[in-house]
Each structure stands twice: as C-alpha cells, then as structure tokens.
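First up is the structure itself, then whatever we jot down about it.
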Amino acid sequence: MSPLLFGLAVVLIVAAPASAPGQTPVETARGLLKQYQDDPTRIDRARDLLEAAVAKGAGNDVPTLLTLARAWFLYGEERAKTDETRVAAYARARDLARRATELAPKDPDAHLWYAITLGTWSQAKGLLHSALALRDLRKEVDVVLQLDPKNIEAHIMAGSIARELPLLLGGDRKESEEQFKIAQRLDPRLTGVRLELAQLYVNMGRYAEARRELQALLAEKAPTDRPRFTLKEAPRARQMLEAIRDKN
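In the working numbering, each number is its position in the sequence shown, counted from 1, plus 4.
Okay, structure coming up:
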C-alpha cells in the first residue's frame with residue numbers, strides 16, 4: 005500500500021476556535037491542533053491535556069476519545085523520533101478510536117478515525133498487505149460511507165484503496181478516480197485530494213493531468229487544512245512535479 009494512503013490522503017479537518025478561558029479540554033485541544041504547524045509541541049500539549057481528562061473520568065466521552073486519537077496520530081506523524089514510539093502512538097490512537105466505535109456504533113467520525121488509525125498502525129507494522137488488515141480497513145470505510153455518504157475523508161480513503169490494490173484483490177483505477185472526484189466536488193480546496201489524484205494519474209501514465217493537479221495544489225491560497233498543506237502536501241507536490249517534469 006502506498007505511503008500516501010494515510011500519510012497524505014486523509015485530510016484531518018478540525019473546525020475549532022483557538023484556545024480561550026473556560027473551554028472544555030476537547031475545545032482547548034482542538035484549538036491547539038488547529039495550527040500545530042506553527043508550534044509542533046501543541047500536539048504534545050493537546051495529547052497530555054486529553055490523557056489527563058481520560059484519567060479523570062472522560063474515558064467514555066466520544067469527542068474526547070476521537071480528539072485524543074487525532075492527537076496521538078499526529079504525534080506519530082510529526083513528533084515520534086523512533087519507529088517504536090511511532091508504532092506505539094498509532095496503536096494508542098487505534099485503541100481510542102476503536103473504543104469510540106463501541107460507544108457510538110452509528111457515529112461516522114468514530115468509524116472514520118478507526119479506519120485511519122487502523123490503517124496507519126498496520127502500515128507502520130508492515131501488515132497493510134495482509135488480507136485481514138485490508139478486509140477490516142475496507143469494512144470500516146464502507147461503514148463510514150453508509151452512515152455518511154458525503155464523508156470526504158472516507159471517499160479519499162476508498163479512492164486510495166481502489167488505486168493501490170491489485171486488480172485481483174479489488175483494485176479499480178476507474179473507481180479510484182471517481183472517489184477522488186467526489187471528494188474534490190465536496191471540497192474544492194481540499195489539497196490532499198489533488199495529491200492523491202495526481203498519484204493516480206502518475207500510476208496511469210497521465211502525466212499532464214498529474215502536473216495540472218500538483219500545480220493547482222501549490223497555487224491554492226486557502227487550503228482546507230493549512231497545517232497539513234504546509235508540512236506534508238506542498239513539499240510532496242514539489243517532489244512529484246520534479247520527478248515527472250520531463251515525462252509526457
């Protein structure tokens with residue numbers, strides 16, 4: 005499975021205000037995570053704040069669990085210094101999200117985060133090619149889309165899975181393009197979608213279309229997820245453009 009599937013594809017939107025006096029731990033943590041590109045230690049502070057809340061009795065609160073899962077996910081991506089700590093961070097995120105699905109089986113965000121964290125943990129462990137991991141991952145993505153057909157992140161994940169899987173295991177490049185296009189229509193400023201679509205076009209030898217998506221990504225003035233755009237997507241887009249610069 006491509007590293008882009010979870011490192012770049014999933015856009016982690018947090019529409020929360022900045023921290024302010026009187027906010028709940030979840031609200032404060034969301035505020036910290038909204039602009040973590042300016043100070044990555046905000047990820048640590050958000051994580052510690054919510055772990056303390058869980059220790060004090062918020063372990064069955066779904067918003068707390070999902071925001072903490074996101075903080076651990078970001079810690080694994082941005083802050084972990086070793087493979088061991090990265091895997092442990094993803095495992096903690098996965099367990100938190102799985103608990104949220106148990107508490108709220110009809111919550112699409114819970115299933116989405118379980119899919120994201122299951123995928124990143126499996127990828128970090130080198131298990132993502134296993135039939136069991138793929139089955140569980142596709143199951144969670146399908147559940148999200150059943151509960152919320154307009155869930156942008158789930159469409160991106162579905163497109164990535166369809167792009168990367170071999171044909172015999174259900175891979176389908178046409179379906180992949182359709183899933184990415186749906187996500188793009190739902191949020192045209194979602195720069196991660198352009199990156200995933202560009203990767204699909206590279207895989208298919210459609211280099212002019214790939215360059216078009218990458219150039220549009222870099223030209224975006226108001227990306228939906230600016231931290232991810234700044235730290236992950238723009239650098240990757242420049243690398244991809246350089247790699248296909250002379251390909252027709």
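Beta carbons: idealized from backbone N, C-alpha and C, even for Gly. All values derive from a computational prediction rather than experimental measurement.
Measure the CB-CB distance between residue i and residue j and report whether it falls below 8 angstroms.
i	j	result
A72	L100	The sequence given here places Leu at residue 72; Ala does not occur at that position. Cβ atoms of L72 and L100: closer than 8 angstroms.
V197	I248	no
L69	A93	no
K251	Y211	yes
L116	E157	yes
I165	R142	yes
P112	L78	no
A62	W76	no
A241	L222	yes
T124	G80	yes
A56	A33	no
A119	R90	no
Taking residue i as the reference, which of the options has the closest Cα?
i	options	result
D43	R249, I248, Q243, L235	L235
S180	P29, E200, Q27, P112	E200
R216	A226, E168, L245	L245
R232	R51, L194, D87	L194
L204	E168, A128, L54, H159	E168
Following the continuous alpha helix (DSSP H) through residue i, name the residue where it begins and the one where it ends.
i	result
N207	195 to 207
E88	87 to 107
A158	156 to 168
I248	Looking at the DSSP string, I248 is not in any alpha helix (DSSP H), and its letter there is neither H nor E.
L183	Sequence check: residue 183 is Gln here, not Leu. First-last of the alpha helix (DSSP H) with Q183: 177 to 190.
Y211	211 to 223
F233	Looking at the DSSP string, F233 is not in any alpha helix (DSSP H), and its letter there is neither H nor E.
E55	45 to 57
In this structure, how does DSSP classify residue i when only helix, strand and coil are distinguished?
i	result
Q127	helix
T68	helix
G174	coil
P25	Note that P25 has pLDDT 44, beneath the 50 cutoff, so the model's placement of it is unreliable and no number is given.
R139	helix
A114	helix
A226	coil
Let me know if residue i comes out buried or exposed under the rule of 16 or more other beta-carbons within 10 Å of its beta-carbon.
i	result
L173	exposed
N64	exposed
P25	Bear in mind that a pLDDT of 44 at P25, under 50, signals an unreliable position, so the model cannot answer this.
P239	exposed
L171	exposed
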